[in-house]
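Participant: To start, I am sharing the structure in question, which I have written as structure tokens.
Numbering (our numbering), first residue to last: 534 to 794.
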């Protein structure tokens, strides 16, 4: 992969999130089409749309922009309180209304001017089949550091509160429901460390650490200090558990029993 992505060059520690996006980019590079209408497996699986609505404080004119996304990158709050941080709280913060314009917003409708500001609000326009979240644990500024705060995340996720209201009315309830199926964890410091993953296969959970794959539990996955989270739409069918696939024989049998008998 480092041959095709400058971000992954060199012998230092590489970032799992950067690798994920580079892998999707390479899959897309070998397909035809734009992100908004691409039929490649990467975008059919992970691509959604984000809507940004900017509202003028003087005339209430709205300016809406829709952009494609492959994942949702969540910032940690600068001053977290004593309560445990949750994925839901980070999503609410991501979609929360914020002031922009610095007290001198130039509105296309009324012109704006001094003491005029605008508010910007994000919402998801279209949900993808698979949701990818990155917890932005690596903070870069005057000094760089790693955020070690734990984040509580659920095994089942309802995305309805974060979807654009105009979409809620026409979308079946089942399309908002997602199930956790993978957790990527980073252990170590900002410039060195180790990644591993907890992955679900059917109803089974597996701990993947380099070439070592061992069984684990949902509780083990939920206890991780997550760096990346993957949720799949609940209405999608799951593959057979890994234990069944590993025991399957070439003629389509598993554990010595023929399919359908």
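The C-beta atom is built at its ideal place from N, Cα and C for all residues, glycine as well.
Residue 607 lies in the beta strand (DSSP E); which residues open and close that run?
Facilitator: Where residue 607 is concerned, the enclosing beta strand (DSSP E) stretches over 605-607.
Participant: Going by CA-CA distance only, name the one from 581, 732, 731, 587 that's closest to residue 630.
Facilitator: Cα-wise, what sits closest to residue 630 is 587.
Participant: Run the CB neighbour count on residue 608, radius 10 Å, all protein chains shown included, and call it buried at 16 or more, exposed below.
Facilitator: Answer is exposed; the Cβ neighbour count stays below 16.
Participant: Is it buried or exposed, residue 600, if we count other Cβ atoms within 10 angstroms and call 16 or more buried?
Facilitator: So residue 600 ends up on the exposed side.
Participant: Just grab the DSSP bridge partners of residue 741 for me.
Facilitator: Partner(s): 730, 746.
Participant: In chain order, what residues of the same chain lie with their CB nearer than 7 Å to the CB of residue 679, ignoring the 5 residues before and after it?
Facilitator: 670, 671, 722, 723.
Participant: Could you tell me whether the Cβ atoms of residue 712 and residue 667 are closer together than 7 Å?
Facilitator: No, these two residues do not count as a Cβ contact at 7 Å.
Participant: Where does residue 623 sit, in a helix, a strand or coil, going by DSSP?
Facilitator: Helix, per DSSP.
Participant: Tell me where the beta strand (DSSP E) around residue 581 begins and ends.
Facilitator: It spans 581-589 - the beta strand (DSSP E) in which residue 581 sits, taken as one unbroken run.
Participant: Hey, residue 696 and residue 759: beta-carbon distance below 7 Å or not?
Facilitator: Cβ distance not < 7 Å, so residue 696 and residue 759 don't count as in contact.
Participant: Which runs of the beta strand (DSSP E) spanning at least 3 residues fall entirely within the region 647-686, listed in chain order?
Facilitator: Listed in chain order, the complete beta strand (DSSP E) runs (minimum 3 residues) inside the region 647-686 are 651-659, 663-668.
Participant: Any idea which residues DSSP pairs residue 638 with across the strands?
Facilitator: None, per the DSSP bridge assignment.
Participant: Roughly how many angstroms separate the alpha carbons of residue 632 and residue 684, rounded to a whole number?
Facilitator: Their backbone Cα atoms lie some 26 Å apart in a straight line.
Participant: Is the beta carbon of residue 765 closer than 7 Å to that of residue 709?
Facilitator: Not closer than 7 Å, so no.
Participant: DSSP state of residue 694, grouped into three classes?
Facilitator: If DSSP states are grouped into helix, strand and coil, residue 694 belongs with the helices.
Participant: Within 10 Å of its beta-carbon, does residue 665 have 16 or more other beta-carbons around it, so buried, or fewer, so exposed?
Facilitator: Per the 10 Å Cβ criterion, buried.
Participant: Which word fits residue 657, buried or exposed, when buried means at least 16 other C-beta atoms lie within 10 angstroms of its C-beta?
Facilitator: Buried is the call here.
Participant: Where residue 636 and residue 590 are concerned, what is the direct C-alpha to C-alpha distance, given to the nearest angstrom?
Facilitator: Roughly 10 Å separates the two Cα atoms.
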